[in-house]
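Q: So that we are looking at the same thing, I have put the structure below in structure tokens.
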Amino acid sequence: MSELLGRAAVEEVLSTHWLGRPVYYFPAVGSTNDVLGEMARAGAPAGTMVVADFQSQGKGRLNRRWEAPAGTSLLISLLFRPGWPAGQAAWLTMMAGLAAVEAVQAVAGLAAGLKWPNDLVVPAGEGWRKFGGLLLEGEFAGDRLESAILGLGLNANIPAGHLSPAAIRATSLLVELGRPVSRLKLLAAYLECLEFLYEAAGEGHSPHPAWNARLVTLGRPVQVSGPGFDRPLAGTAEATDEWGRLLVRDPAGVLHAVAAGDVTLRG
Ligand code: ADP
């Protein structure tokens, strides 16, 4: 069992100016994104954070379930009010991925990577194992990203036998390191890095090059599937673009820009 979270404990470790403030802690919620969504609609300020020790309705993309035992994970959602052009929304997922990887490196000493579009992974053999995921839910007004809720689920201290049976190739920092990590330290490092990247983005610095460099998917033969595909797209993941799309070259040489999908390695 790792150290206890809680509002006072979180406030004590925060080094940010506005991100993660105010903080609302819940021992258990349905989904941190949903709770924060309600607060956002009621006018909560940018920076507001919801932290929970357990989610009964944790979610990934396409309403897939995110499952983790109580007290083992970092389960948080952050509210942003960017006002950016809608196409720039993926920058938030990029920044969060970068910040999570930096935090894991700084606090746990583990070299992690990112799997397009929103998974936190550690390289394992030819592939990877997933220890976390991000979920961005935006509210748009015309062509503006009015508000965005950015959820993070990070498997900090889930013992091997308690990883979600639904998850293929899931892992945790505990499993990778053989020792528990401080969720509070991870949280503080994540927020500090994310606030820095967000402010840099506001001054026009794109997170794309750094994010792209962390992707484990590039240069590999992949198969992409999902709701937008009649049949899976096979090809080579060549690059990503500024807006986070995956550029896949098919065997005929045609380049496809994929905005959303599930990527698996071929061969
Ligand atoms: P992906 O992008 O990999 O499809 P999602 O963002 O949709 O992932 O997240 C949901 C999926 O993640 C689930 O379908 C399940 O396979 C997996 N999953 C659920 N809980 C966990 C967890 N704690 N750790 C790792 N993977 C998980």
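Taking this note's numbering, the leading residue of the sequence shown gets -11, the next gets one more, and so forth. Heads up, the beta-carbon is just placed ideally off N, CA and C, and yes, glycines get one too.
#1: Going by the C-beta, is Ser19 closer than 7 Å to any heavy atom of the ligand ADP?
#2: Given the structure, does Ile270 come close to the ligand ADP, in the sense that its CB is under 7 Å from one of the ligand's heavy atoms?
#3: Secondary structure at Gly35, three-state DSSP: helix, strand or coil?
#4: Output the distance between the C-alpha atoms of Glu134 and Ala99, rounded to the nearest integer angstrom.
#5: Should Lys173 be counted as a contact of the ligand ADP given a C-beta to heavy atom distance under 7 Å?
#6: From the beta carbon of Gly166, is the nearest beta carbon of chain B less than 8 Å away?
#7: Output the distance between the C-alpha atoms of Gly25 and Ile137, rounded to the nearest integer angstrom.
#8: Span of the beta strand (DSSP E) holding Trp231?
#9: For Gly59 and Asp41, I'd like the C-alpha separation in whole angstroms.
#10: On a Cα-Cα basis, can you pick out the residue from Gly120, Glu114, Gly126 and Met37 that is closest to Trp79?
#11: Look at the alpha carbon of Arg29 and the alpha carbon of Ala129, and state the distance between them as a whole number of angstroms.
#12: Could you tell me whether any non-hydrogen atom of the ligand ADP is closer than 7 Å to the CB of Gly139?
#13: Report yes if the C-beta of Arg233 is less than 7 Å from at least one heavy atom of the ligand ADP; otherwise report no.
#14: Would DSSP call Phe261 helix, strand or coil?
A: In brief:
#1: no
#2: The displayed coordinates of the chain run from -11 to 255. Any statement about residue 270 would go beyond what the structure contains.
#3: coil
#4: 34 Å
#5: Lys173: no, Cβ never under 7 Å from the ligand ADP.
#6: Judged by its chain identifiers, the structure shown contains no chain B, having just a single protein chain.
#7: 7 Å
#8: Taken as a continuous stretch (DSSP letters only), Trp231 belongs to no beta strand (DSSP E), as it is neither H nor E.
#9: 5 Å
#10: Nearest of Gly120, Glu114, Gly126 and Met37 to Trp79, Cα basis: Gly126.
#11: 14 Å
#12: no
#13: no
#14: The requested residue 261 is not part of the displayed model; the chain covers only -11 to 255.
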